[in-house]
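Below is one structure, written out as structure tokens; comments come after it.
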Amino acid sequence: MAFSSSSSSTTTPLTTVDHGGAIGISAVHPDIIQTHILTRLDGPSLASAACASSHLHELSTEEKLWWDICASTWPSINHPRVRHVISSFPAGHRSFFSDSFPAIHHSSPPKDTDRPFLPSELISAVDVHYENELIFSKVQETRTETETAGWFLCTPFRVELIDQKESVRTQIRQVGEEKAWLKQLEENLKLSWIVIDPTRKRAVNVSSGRPVSVQRHWFTGDIQLRYATIMAGEKSDFVQCAVVVTCGGKVGGEIQLREVSMLLEDMERKHVKGRESLVILKAAMESGKRKKERRGEGKERFEAYLEMMKVRSERKQRRERAVDMAFILTGITIFVAFCSYLCFR
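Have a look at this one:
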């Protein structure tokens, strides 16, 4: 990056001047760069600027810059508990941003599955936006090492942010034709769910950002949106980390959030238990690949996962039918043999 100069003198000492009279970026006062240039960049652009030169690297690693970017991207991290945890990360908010953006694309098979290597606590920082306006933000802590740890490890893993008897009012109104309305929700209701391990100072965004499916429940009439990320499992080939948002309300009226929850399901649609969930989430934090996806890629990957589940289910059914037929034939054979024995006795 270079700035043109119309005179041979300047109030700032020049450290880089080429033969054409251009002034290098290091000639610009650091306060100007940090206040008027770097503050206008988003996270990926600021990270790229840090790689341009040692001078820009020094200026781009300022904690205040990364705090502003993280706080504007994920308002939930303004929570005192989360701020304290992030301050202990190796590079503060810069490390947190690197872990949380972009969301996880896929993870490697889990390792270190013994209990001492698993997180003793998880913090969920969740933000929901509609048409770029924040409508829901919450932080929830989940203890995995307590006097009831045995119960946690052996039961299905699930994090609920809204009590069953409660709901959260929004400014969203259901208007227009049903199909178009659901499409509008799919395009505009974005969600971020960041899971933080405060002990190991790692984090991962497990949400697909946009919904991979939107449908109205046939019985209650509520709208259910699913944000899913496919991860490597411990016992199953893959698992689905699903964030479910349930919206209720009458046509033309205000939409309310009735459920915001996160759980893991295997390829047989069984809920993954606590211990295995910790193993999978730990692997996602430490070895998961982060990748900025093109629009619609997350939905395509989810649909491919559903197709894998379908093929797997059909294969299982064929095996079960073959086993059932073998038992039937065996039973018939034994019956015929027994009848023959009685006839010739």
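Reminder that position 192 of the sequence shown reads as 191 in numbering that gives the first Met the number 0, one-by-one numbering, no gaps.
Backbone N, C-alpha and C fix where the C-beta goes; we use that ideal spot for every residue, glycine too.
In this structure, A282 lies away from S206, with their beta-carbon atoms at least 8 Å apart. Distance check between A202 and each of F151, I134, E120 places E120 closest, using alpha-carbon atoms only.
Listed as beta-bridge partners of S123 by DSSP are Q139, V194. Taking a C-beta distance under 8 Å as the contact criterion, D236 and M266 qualify as a contact pair. Taking C-beta separations shorter than 7 Å and ignoring five residues to either side along the sequence, the partners of Y304 in its chain run I229, F237, Q239, following chain order. Counting C-beta atoms within 10 angstroms of its own C-beta, E299 has fewer than 16 neighbours from the protein chains shown and is therefore classed as exposed. Cβ neighbours of G220 within its own chain (closer than 8 Å, five residues either side excluded): G247.
By the criterion of a C-beta distance shorter than 7 Å, G232 is surrounded in its chain by V238, D265, I279, once the five residues flanking it on both sides are discounted. Beyond the five residues adjoining it in sequence on each side, L160 comes within less than 7 Å, by CB distance, of V125, K137, Q139, V259, S260 in the same chain, given in chain order. Collapsing the DSSP output to three states places D236 in coil. Contact between K290 and H54 is absent: CB atoms are separated by about 30 Å, not below the 8 Å threshold. Separation of F337 and L328 (C-alpha to C-alpha, rounded to the nearest whole angstrom) is 14 Å. Cα atoms of V167 and I134: separation of roughly 9 Å, rounded to the nearest angstrom. The beta strand (DSSP E) runs lying completely inside the segment 165-224 and spanning 3 residues or more are 167-172, 188-196, 201-204, 212-215, given in chain order.
Distances from the CA of S106 to each of F334, K288, I333 were compared; the closest alpha carbon is that of K288. DSSP lists P155 as the bridge partner or partners of K272. Counting the other CB atoms within 10 Å of its CB gives R317 a total below 16, which places it among the exposed residues. Selection I254, D162, Y226, D196 evaluated against F116 yields D196 as nearest (Cα-Cα). Distance from the CA of E186 to the CA of R93, rounded to the nearest whole angstrom, comes to 29 Å. Residue burial is scored here from C-beta neighbours: L341 has fewer than 16 other C-beta atoms within 10 angstroms and is therefore classed as exposed. Taking the C-beta atoms as reference points, G42 is found nearer than 8 Å to F100.
Residue pairing of T228 in beta bridges, as defined by DSSP: C240.
With a contact defined as Cβ atoms closer than 8 Å, F88 and C69 miss out at about 11 Å. Here the alpha carbons of S191 and H35 stand approximately 29 Å from one another.
Its Cα nearest to that of R209, the residue V127 stands out among I32, V127, A90. By the C-beta density criterion, R274 is buried, having at least 16 other C-beta atoms within 10 angstroms.
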